[in-house]
Amino acid sequence: MKWIAIIPARGGSKRLPRKNILDFQGRPMLAYTVAAALETGLFEQVIVSTEDDEIAAVAHAAGAQVDRRSPDLATDKSTVAEVCAELLQREAHAGRHYDGLCCCYATAPLRTAADIAATVGLIQPGQCEFAVAVTTFSHYPHQALRQDAQGGLAPMWPEAAGLRSEVIGTLLAGNGSTYAVTVEAFLRDRDFYGPGMRGYRMPFHRSIDIDTREDFELALAVANHAGFRA
Numbered sequence: 005m006k007w008i009a010i011i012p013a014r015g016g017s018k019r020l021p022r023k024n025i026l027d028f029q030g031r032p033m034l035a036y037t038v039a040a041a042l043e044t045g046l047f048e049q050v051i052v053s054t055e056d057d058e059i060a061a062v063a064h065a066a067g068a069q070v071d072r073r074s075p076d077l078a079t080d081k082s083t084v085a086e087v088c089a090e091l092l093q094r095e096a097h098a099g100r101h102y103d104g105l106c107c108c109y110a111t112a113p114l115r116t117a118a119d120i121a122a123t124v125g126l127i128q129p130g131q132c133e134f135a136v137a138v139t140t141f142s143h144y145p146h147q148a149l150r151q152d153a154q155g156g157l158a159p160m161w162p163e164a165a166g167l168r169s170e171v172i173g174t175l176l177a178g179n180g181s182t183y184a185v186t187v188e189a190f191l192r193d194r195d196f197y198g199p200g201m202r203g204y205r206m207p208f209h210r211s212i213d214i215d216t217r218e219d220f221e222l223a224l225a226v227a228n229h230a231g232f233r234a
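Here this note's numbering is used: the sequence shown runs in plain steps of one and ends on residue 234.
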């Protein structure tokens, strides 16, 4: 299969400003994802999609190609699926066609090349068209509480809240780092989740998806504990 890796990295993050290029252990966070994708040796192209000049410069320095997305795909309402679909369509118009797409988020700096390769390796056209990196929940998800506008709490799923974990079975969550899909299925469904999806299970310490300052501090603490270095 002919694969492309797309790394979405817009400049307008709100909860943690400039998160994609924050310094993480001596390098811009984005650089770790670019390096991991390149290290796999699986991709015809590793492309960072951005509208931001500084992010584009970091991406170039890390060894990625840069695709300048249009302003209408750089808003809070724009989805990553829309960004990837539009980029793939332009690639096709330019005569560059791919069988597989791997979308790697820049906010998972502890994810490795082996993690990306293992997720991609789950794809088998005709058998498995969708794959995602997953991890376990840190709390029992079936006991989730929903808070109303007045601060009151109630079980999100009352019918499941009192069940024992053995009854519920294993529940996993996409960890927000890595998605693989056949291009045909992706352009058909415009989604990274689909029928027959499989998951590559990553440990918690490599699954931290950095969206907030607390996530960032946790990832730094884990990296320091593990002796992680740029």
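Yeah, the Cβ is synthetic: ideal placement off N, Cα and C, and Gly gets one too.
Item: Whole-angstrom C-beta distance between Val-84 and Ala-249, which should lie under 8 Å; Value: No answer is possible for residue 249: the residues shown for the chain start at 5 and end at 234.
Item: Helix, strand or coil at Ala-227 [DSSP, three-state]; Value: helix
Item: Among Pro-113, Gln-29 and Arg-72, nearest to Tyr-36 - alpha-carbon criterion; Value: Pro-113
Item: Same chain only: Cβ atoms within 6 Å of Ala-148, ignoring 5 sequence neighbours per side; Value: Met-160
Item: Residue span of the beta strand (DSSP E) that contains Thr-79, given as start and end; Value: No beta strand (DSSP E) contains Thr-79, which DSSP labels as neither H nor E.
Item: One or two residues paired with Gln-154 in a DSSP bridge; Value: Paired residues: none, contrary to the question.
Item: Residue range of the alpha helix (DSSP H) that includes Arg-100; Value: Unbroken run through Arg-100: none, as it is neither H nor E.
Item: Span of the alpha helix (DSSP H) around Pro-162; Value: 162 to 165
Item: The segment 55 to 69 / the segment 111 to 131 touching (three or more Cβ pairs under 8 Å); Value: no
Item: In DSSP terms, what Glu-53 is bridged to; Value: Note on identity: in this sequence residue 53 is Ser, with Glu being the wrong assignment. Answer is Pro-12 and Asp-71, bridged to Ser-53.
Item: Nearest-angstrom beta carbon gap, Arg-14 and Ala-78 [assumed within contact, 8 Å]; Value: 5 Å
Item: Within 9 Å, strictly: CB atoms of Ala-225 and Gln-29; Value: no
Item: Cβ neighbour criterion (16 or more within 10 Å) applied to Asp-71; Value: buried
Item: Gly-104 classed as buried or exposed, judged by whether at least 16 other C-beta atoms fall within 10 angstroms; Value: buried
Item: Spatial distance of Ile-8 from Leu-222 (CA atoms); Value: 31 Å
Item: Where Ser-142 falls, given that 16 or more other Cβ within 10 Å makes a residue buried; Value: exposed
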